[in-house]
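Trainee: Numbering (my numbering), first residue to last: 3 to 217.
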Amino acid sequence: MNKSLEIKICGIGESHALDAVINGGADHFGLIFFEKSPRNVSLDKARSLKAHAAGRISAVAVTVDASDERLDAIVDAARPDMLQLHGSESPQRAAQVRKRYGLPVMKALAIREAADLDRVSGYLGIADRFLFDAKPPEGSQIPGGNGVAFDWEIMDHLPENVPYMLSGGLDAGNLREAIAKSGAIAVDVSSGVESVPGKKDVEMIRHFLIAAGKR
Numbered sequence: 003m004n005k006s007l008e009i010k011i012c013g014i015g016e017s018h019a020l021d022a023v024i025n026g027g028a029d030h031f032g033l034i035f036f037e038k039s040p041r042n043v044s045l046d047k048a049r050s051l052k053a054h055a056a057g058r059i060s061a062v063a064v065t066v067d068a069s070d071e072r073l074d075a076i077v078d079a080a081r082p083d084m085l086q087l088h089g090s091e092s093p094q095r096a097a098q099v100r101k102r103y104g105l106p107v108m109k110a111l112a113i114r115e116a117a118d119l120d121r122v123s124g125y126l127g128i129a130d131r132f133l134f135d136a137k138p139p140e141g142s143q144i145p146g147g148n149g150v151a152f153d154w155e156i157m158d159h160l161p162e163n164v165p166y167m168l169s170g171g172l173d174a175g176n177l178r179e180a181i182a183k184s185g186a187i188a189v190d191v192s193s194g195v196e197s198v199p200g201k202k203d204v205e206m207i208r209h210f211l212i213a214a215g216k217r
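1) K101: buried (16+ other C-beta within 10 angstroms of its C-beta) or exposed?
2) Mind the definition here: the stretch 125-134 touches the stretch 74-83 only if three or more C-beta pairs lie below 8 angstroms; say whether that holds.
3) If you measure from the beta carbon of I113 to each beta carbon in chain B, is any gap under 8 angstroms?
4) In chain order, which continuous runs of the beta strand (DSSP E) of length 3 or greater are located wholly inside the stretch 108-191?
5) Under DSSP, the alpha helix (DSSP H) around S6 begins and ends at which residues?
6) Suppose you measure from the CA of I207 to the CA of G15; what does that come to, to the nearest Å?
7) Look at the alpha carbon of Q94 and the alpha carbon of L87, and state the distance between them as a whole number of angstroms.
8) Inspect the beta-carbon positions of M157 and A188 and report whether they are closer than 8 angstroms.
9) List the DSSP bridge partners of V198.
10) Quick one: any contact between the stretch 31-40 and the stretch 59-76, if contact means 3 or more CB pairs under 8 angstroms?
11) Can you round the beta-carbon distance between L7 and G215 to whole angstroms, since I take them to be within the 8 angstroms contact cut?
12) Within the stretch 36-104, note down every full alpha helix (DSSP H) run reaching 4 residues or more, in order along the chain.
13) Consult DSSP for I2 and reduce its assignment to one of helix, strand or coil.
14) Drop a sphere of 10 angstroms on the beta-carbon of G146, count the other beta-carbons inside from all chains shown, and report buried for 16 or more, exposed for fewer.
15) What is the rounded straight-line gap between the Cα of S17 and the Cα of R131?
16) Out of G27, S192 and L20, which has the shortest C-alpha to C-alpha gap to K52?
17) Spell out the partners DSSP gives H30 in its beta bridges.
18) Can you give the Cα-Cα distance for S197 and E205, rounded to whole angstroms?
19) What do you get for R41, buried or exposed, if any count of 16 or more other CB atoms within 10 angstroms of its CB means buried?
20) What residue from A151, Y103, A75 and V43 has the CA that sits closest to K183's CA?
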């Protein structure tokens, strides 16, 4: 695997984990703004982490069906480089968010079978890219970060030239297989580099980035 693989490590909440992400060669770090998530960060913490990053890495603000008022506060505090919409936001809502903030928008879509990719067409020309995550298990309170994978070969059904990140259940042990089966050139990981939900593990981050060919 070569260093051109694009990596986003999501759910960062502590500066030492952010240092591991940056020093390991990742391209983006994600800040979660969703109270039900164990990775949720406050506006003050987000502001601190963005300052700590000091322009060394791209920041992605992850939201779930957030209101304009909430997004205003998030953008003001985190100064993100991209907004990730991880809820049930419609194409119209995605377009509104993109126009309001003048920031690239990544729309997350939950995938279990090839037919789930049909939703992509409604967002083409609106979302700057997509994030394909596994559908959450029954009873889950969070739409992502559940440590669940989907059949990566489903990506064969995606039209060419649709920019996306592969997510869901990735870790250092299965990353190469995921890339081989999906053909993805960009990936997102959260629970796969955690010792417990919401607690990033510096060594797991390092091993993931080594498996990705970043070091």
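Cβ atoms here follow ideal geometry from the backbone N, Cα and C, with glycine treated the same way.
Mentor: By the coordinates alone:
1) Counting from one through the sequence shown, the residue named residue 101 turns up at place 99. With fewer than 16 other Cβ atoms from the protein chains shown falling within 10 Å of its own Cβ, K101 counts as exposed.
2) No, because fewer than three Cβ pairs between the stretch 125-134 and the stretch 74-83 fall closer than 8 angstroms, the two stretches do not touch.
3) Protein chains in the displayed structure number just one, and chain B is not present.
4) Within the stretch 108-191, the complete beta strand (DSSP E) runs of at least 3 residues are 131-136, 166-168 and 188-191.
5) Translated into positions along the sequence shown, residue 6 becomes position 4. Neither: S6 is in no alpha helix (DSSP H) and is coded neither H nor E.
6) Along the sequence shown, read from residue 1 onward, the residue named residue 207 stands at position 205. Along the sequence shown, read from residue 1 onward, the residue named residue 15 stands at position 13. One C-alpha to the other measures close to 14 angstroms.
7) Here residue 94 is taken as the residue at index 92 of the sequence shown, counted from 1. Here residue 87 is taken as the residue at index 85 of the sequence shown, counted from 1. Distance between Q94 and L87, taken at the CA atoms: about 12 angstroms.
8) Along the sequence shown, one-based indexing puts residue 157 at 155. Along the sequence shown, one-based indexing puts residue 188 at 186. Cβ atoms of M157 and A188: not closer than 8 angstroms.
9) Locating residue 198 in the sequence shown gives position 196, where the first residue counts as 1. Answer by DSSP bridge pairing, in chain order: K201.
10) Counting C-beta pairs closer than 8 angstroms gives three or more between the stretch 31-40 and the stretch 59-76, which meets the contact rule.
11) Counting from one through the sequence shown, the residue named residue 7 turns up at place 5. Counting from one through the sequence shown, the residue named residue 215 turns up at place 213. Correct: roughly 6 angstroms between the Cβ atoms.
12) Listed in chain order, they are 45-55, 70-80 and 93-103.
13) The structure shown does not extend to residue 2, since the chain is modelled only from 3 through 217, so no value can be given for it.
14) Against the sequence shown, residue 146 aligns to sequence position 144. Note that G146 has pLDDT 47, beneath the 50 cutoff, so the model's placement of it is unreliable and the number below is only indicative. Buried: at least 16 other Cβ atoms inside 10 Å.
15) Reading the sequence shown from its first residue, position 15 is the one you call residue 17. Reading the sequence shown from its first residue, position 129 is the one you call residue 131. When rounded, the distance between both Cα atoms is 27 angstroms.
16) By one-based count along the sequence shown, residue 52 stands at place 50. The shortest Cα separation from K52 among G27, S192 and L20 belongs to L20.
17) The residue given as residue 30 occupies position 28 in the sequence shown. Answer by DSSP bridge pairing, in chain order: K10 and S60.
18) Here the question's residue 197 lines up with position 195 in the sequence shown. Here the question's residue 205 lines up with position 203 in the sequence shown. S197 and E205 have their alpha carbons spaced roughly 10 angstroms apart.
19) On the sequence shown, position 39 is the one that residue 41 refers to. It counts as buried.
20) Within the sequence shown, the letter at position 181 stands for residue 183. In terms of CA proximity to K183, A151 leads the group A151, Y103, A75 and V43.
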